[in-house]
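Asker:
Chains as they are written, first to last, in the working numbering: chain L, 4 to 500; chain D, 174 to 320.
1) For residue 161(L), tell me which candidate among 128(L), 133(L), 464(L) and 268(L) has the shortest Cα-Cα distance.
2) With a CB to CB cut of under 6 Å and the five nearest residues on each side skipped, what residues in its chain are close to residue 178(L)?
3) Does residue 70(L) come within less than 8 Å of chain D when only Cβ atoms are used?
4) Just to make sure I have the definition right: I need the residues of chain D whose C-beta is within less than 7 Å of the C-beta of residue 483(L). Which are they?
5) Mind checking who residue 437(L) pairs with in its DSSP beta bridge?
6) Figure out for me which residue from 69(L), 408(L), 448(L) and 10(L) has the closest Cα to the Cα of residue 27(L).
7) Determine which residues share a DSSP beta bridge with residue 211(D) and list them.
8) Exposed or buried, what is residue 289(L) when buried is set at 16 or more other beta-carbons lying within 10 Å of its beta-carbon?
9) Taking the alpha helix (DSSP H) that residue 99(L) falls in, what are its first and last residues?
10) Closer than 7 Å, Cβ to Cβ, to anything on chain D: give me those residues from the region 419-436 of chain L, in chain order.
11) Using the rule of at least 16 other Cβ atoms within 10 Å of the residue's Cβ for burial, across every protein chain shown, is residue 212(L) buried or exposed?
12) Taking Cβ-Cβ distances shorter than 8 Å, what residues in chain D pair up with residue 225(L)?
13) In three-state DSSP terms, what is residue 192(L)?
14) Below 8 Å on the Cβ atoms is my contact criterion, and I expect residue 120(L) with residue 258(L) to pass it. Report the Cβ-Cβ distance as a whole number of Å.
15) Could you pull out every residue in the same chain whose Cβ sits closer than 7 Å to the Cβ of residue 128(L), ignoring the five residues on either side in sequence?
16) Check whether the Cβ atoms of residue 110(L) and residue 98(L) sit closer than 8 Å, and answer yes or no.
17) Once DSSP output is grouped into helix, strand and coil, what is the label at residue 313(L)?
18) Examine chain D for any beta-carbon lying closer than 8 Å to the beta-carbon of residue 46(L), and answer yes or no.
19) What is the DSSP secondary structure of residue 222(D), reduced to helix, strand or coil?
20) I want to know whether the region 427-437 of chain L touches the region 268-282 of chain D - three or more CB-CB distances under 8 Å.
21) Is residue 210(D) close to chain L? Criterion is C-beta to C-beta, closer than 8 Å.
22) Should residue 209(L) and residue 264(L) be called a contact, given that it needs their Cβ atoms to be closer than 8 Å?
23) Is the separation between the beta-carbon of residue 180(D) and that of residue 200(D) shorter than 8 Å?
24) Quick one: grab the DSSP three-state call for residue 294(L).
25) By the three-class DSSP mapping on this structure, what secondary structure does residue 185(L) have?
26) Answer yes or no: does any C-beta atom of chain L fall closer than 8 Å to that of residue 201(D)?
27) Ordered along the chain, which non-local residues of its own chain (more than five positions away) have a Cβ less than 6 Å from that of residue 304(D)?
28) Between the C-alpha atoms of residue 348(L) and residue 307(D), what's the straight-line distance to the nearest angstrom?
29) Span of the alpha helix (DSSP H) holding residue 130(L)?
30) Counting Cβ pairs closer than 8 Å, one from the region 173-188 of chain L and one from the region 278-296 of chain L, do we hit at least three?
31) For residue 189(D), count neighbouring Cβ atoms within 10 angstroms of its own Cβ and tell me buried if that reaches 16, exposed if not.
32) Contact defined as beta carbons within less than 8 Å: I believe residue 366(L) pairs with residue 61(L). What is the distance between those atoms, to the nearest angstrom?
33) Reducing DSSP to helix, strand and coil, say where residue 456(L) ends up.
34) Shorter than 8 Å from the beta carbon of residue 194(D) to some beta carbon of chain L?
35) My output table needs one value for residue 486(L): the three-state DSSP class, helix, strand or coil.
36) Hey, residue 196(L) and residue 328(L): beta-carbon distance below 8 Å or not?
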C-alpha cells in the first residue's frame, strides 16, 4: 500500500498533473461561487476537452472541480447567505450570521480548515476501504451486479427530496432513455425513430448539460434579485487556539457523518451537512447560539460535505456505481477513455486510482493555501450580474454539445433536454435520479439479461444468490421505510430544515 | 368535473404515462424473445410497463391529495433560450462559427431583464472573441469561422 501511495504521489506531483489539479480546484471554486452553474454541468462542459488528455490527468482535473465547488459554495454561503451549492445551504445559517457580526474571516477560515481536515481524513478511508471492496466485487456475477445497481438506484430515490414515487418514475425514465441506440446483444436499433444519429445512443454530455445547465438558466431568468456583498474588509482570516479547540470535535464528527453518507447514492454531500448541523445543535451545551453565529454550526456541516464529496468516489471506483451526477459523469469519462468501470479499475489501472487519491490531498492543500488569500478576488466576482453570465453558459453548452462528436444533432439534443428539464423542474421532478438511471440503463439491462440467461428465465436466481438477495432485501426495506408516512415526515423535515 | 388537487402531480403523472406509451409502442415493434433468451424489446417493454404504473400512481395521488399550485413558468424565456440553442445548431454548418455564436448570444441577451443594448452588444463581441480564441484556435474545434 505504501508503494502504491508513493506511486500515486510521484504521478500526481508531476508538473502537468499539478497544473491540472490546480486548474480543476480553481475552476471548481469559481463555479461554486457563481450561481446557476454547478459541478455536474461544468464537468459535462469540459468532457469534450478531456478526450485528448490522459485518463489520470483528466480525472485529477475533474475531481478538483468537484471538491473545489464545495469550497466555493461555502464562501458565498458565508458572505452572502447565498449558497452556491445545495451542500452549503446550512453553512449559510450560522456562517452568514458570523459574517454579519464582523467575523467573516473567522467563519471562512473555519470552513476552509474544517474542509481540509475532513478531506484529508476521508481520503484515508478511500485508501483503506476501496481495495477490499473491489476485491469482494471481483467475485460478483451478473445477479450481484444487477442487485447492487438496483440498491444504488433505490437509495438514491429515497434520499432525494420530494415525492418518492416521482423520483422512482424519473429513475425508470432515465433507464429507458439510456437504452436508446444499438442493442448490445442483437445489434438492432432501439427507440431511435429511424434517426441514424441516435444509433450510438443519446449523448451523455448533451443530456446532462440540457438538464443541469440549460434548465437552470431558464429558471434563473425570472430571478432578478440583486446581490449585495458583505462589503466589510475581511480580516483575521485565521483561527486562534481557542477557536481551534472549539471546532475540532465538530469537524471530526462531521467527517464521520459525511464519510458514511457520501458512500450512499443520492445527494450525499447535501444530506451529510444537514445531519451534521442537527447533530451539533442537538449535543451542544448552548443550542440557543445556533442560528446566531455558532462556530460549530459552520465547522460540522462544512467538514461533513467535504468528507462526503470524497467518499462518494468509493462506489464509483470500486463498483462502477455512481453516487451522484458528477460521479456518473466520471464513469462516462472512464468509458470514453476505454476503461471498463467496475472493480477491475483498481487492479488494471493502479496509477489512475492512486494518483487520484494523492491529487485529492494535494488539491485540498492547494485550496486552503490559495483560497484564503484569494477570497477578496472571489467576492468581487460575485458582483458580476447574472445577465452577463447566462448567455456565456448557453453558448459554452452549445459548443460543448457540438464538440462531443462534431455534429449539430447533439446541439438539438441539448435544446430538447433543456426544454424537458425545465418542464420537469416545474413539476418538481428532480433531474439527479434521472441521470443516475440514464448512466446505469445499459449496464442494468446487460446484467439482467445475463442473469436470466443463466437461470433460463427464472427470476428466482436473484434470491438464490445470497449476496444478491441481501442487497435486494436492503433495497426493499429502504423503499418501504421511505413510503411509511412517519418516516417520510421525518425525512422531509430533515431535508427542509 | 374532477378537481385537480395537485396539478403538479397530475401533469407529471400524465407526462410519465405519455413517455411510457411511446416507449411501449416502440419496444413492442422489436423482437421480444423469452425471459430466458431476451430479445431487444423485452427489457424496454418491462420498463415501459413499470413507468406506466408509476405514472398512474403519481396521477392518482395528484387527484386524491392536495398539493402546491403550478409555479409561474417563464415561457418567453424558455422559448428564447431553446431558440438560441437550436439557432446555434442550425447556423453553424451554414453560416459559420461567428454567426452562430452571434445569433445564439443575441437571443439569450434578448431574454435577459433589464435589457441594456450597448452593454449587451459589447458583451456579445467579447464573447465571440473569447470563443474564437479558446475553442477554435486554442482547442482546434473543427468549424469554419465564416460561411
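Beta carbons are placed, not taken as given, at the ideal position from N, Cα and C, and that holds for glycine. Nothing here was measured: the structure is a model prediction, and the numbers come from that model.
Answerer: Looking at the coordinates:
1) Taking the first residue of the first chain as position 1, residue 161(L) is located at position 158. Closest by alpha carbon: 268(L).
2) As a first step, residue 178(L) is located in the first chain; it is residue number 175 there, counting from the start. Taken in chain order, the residues that qualify are 440 and 444.
3) In the first chain, the residue the question calls residue 70(L) occupies position 67. Output row for residue 70(L): interface = no.
4) On the first chain, position 480 is the one that residue 483(L) refers to. Under the 7 Å cutoff, chain D gives no residues; its nearest Cβ is about 15 Å from residue 483(L).
5) Taking the first chain and counting its residues from 1, one reaches residue 437(L) at position 434. Note: residue 437(L) sits in no beta bridge, so no partner.
6) Along the first chain, one-based indexing puts residue 27(L) at 24. Among 69(L), 408(L), 448(L) and 10(L), the Cα nearest to that of residue 27(L) is on 69(L).
7) As a first step, residue 211(D) is located in the second chain; it is residue number 38 there, counting from the start. Paired residues: 206(D).
8) Taking the first chain and counting its residues from 1, one reaches residue 289(L) at position 286. Its Cβ having fewer than 16 others within 10 Å, residue 289(L) is exposed.
9) Translated into positions along the first chain, residue 99(L) becomes position 96. Residues 94-103.
10) 421, 422, 425, 429, 430, 431 and 432
11) Within the first chain, the letter at position 209 stands for residue 212(L). The residue is buried, with at least 16 neighbouring Cβ atoms inside 10 Å.
12) Here residue 225(L) is taken as the residue at index 222 of the first chain, counted from 1. Per Cβ cutoff of 8 Å: 245, 247 and 250.
13) Here the question's residue 192(L) lines up with position 189 in the first chain. Strand at residue 192(L).
14) For the purposes of this step, residue 120(L) is identified with residue 117 of the first chain, where counting begins at 1. For the purposes of this step, residue 258(L) is identified with residue 255 of the first chain, where counting begins at 1. Sure, about 7 Å apart at Cβ, within 8 Å.
15) Against the first chain, residue 128(L) aligns to sequence position 125. Cβ neighbours of residue 128(L) beyond the five flanking positions: 262 and 314.
16) Reading the first chain from its first residue, position 107 is the one you call residue 110(L). Reading the first chain from its first residue, position 95 is the one you call residue 98(L). Cβ distance < 8 Å, so residue 110(L) and residue 98(L) count as in contact.
17) Taking the first chain and counting its residues from 1, the one referred to as residue 313(L) is at position 310. Helix at residue 313(L).
18) Here residue 46(L) corresponds to residue number 43 of the first chain, with the count starting at 1. No - not a single Cβ of chain D is within 8 Å of the one on residue 46(L).
19) Within the second chain, the letter at position 49 stands for residue 222(D). Here residue 222(D) sits in helix by DSSP.
20) no
21) Numbered from 1 along the second chain, position 37 holds the residue referred to as residue 210(D). Cβ-Cβ to chain L under 8 Å: yes for residue 210(D).
22) Here the question's residue 209(L) lines up with position 206 in the first chain. Here the question's residue 264(L) lines up with position 261 in the first chain. No, Cβ-Cβ distance for residue 209(L) and residue 264(L) is not below 8 Å.
23) For the purposes of this step, residue 180(D) is identified with residue 7 of the second chain, where counting begins at 1. For the purposes of this step, residue 200(D) is identified with residue 27 of the second chain, where counting begins at 1. No. Outside cutoff.
24) Residue mapping note: residue 294(L) aligns to position 291 of the first chain, counting from 1. Here residue 294(L) sits in coil by DSSP.
25) Taking the first residue of the first chain as 1, we reach residue 185(L) at position 182. Strand at residue 185(L).
26) Numbered from its first residue, the second chain carries residue 201(D) at position 28. Residue 201(D) does not count as touching chain L.
27) Walking along the second chain from the start, residue 304(D) turns up at place 131. Once the five neighbours on either side are set aside, the close Cβ partners of residue 304(D) are 274.
28) Residue mapping note: residue 348(L) aligns to position 345 of the first chain, counting from 1. Residue mapping note: residue 307(D) aligns to position 134 of the second chain, counting from 1. For residue 348(L) and residue 307(D), the distance between alpha carbons rounds to 33 Å.
29) Here residue 130(L) is taken as the residue at index 127 of the first chain, counted from 1. Per DSSP, residue 130(L) belongs to the alpha helix (DSSP H) from 107-141.
30) no
31) The residue you call residue 189(D) lines up with position 16 of the second chain. Buried, since its Cβ has 16 or more Cβ neighbours within 10 Å.
32) If you number the first chain from 1, residue 366(L) lands on position 363. If you number the first chain from 1, residue 61(L) lands on position 58. Rounded, the Cβ-Cβ distance is 14 Å, inconsistent with contact.
33) Stepping through the first chain from its first residue, residue 456(L) is reached at position 453. The answer is helix: DSSP assigns residue 456(L) an H, G or I state.
34) Residue 194(D) sits at position 21 when you count from the first residue of the second chain. So no, residue 194(D) is outside the interface.
35) The residue you call residue 486(L) lines up with position 483 of the first chain. Looking at residue 486(L) - three-state DSSP - the assignment turns out to be helix.
36) Stepping through the first chain from its first residue, residue 196(L) is reached at position 193. Stepping through the first chain from its first residue, residue 328(L) is reached at position 325. No, they are not a contact pair.
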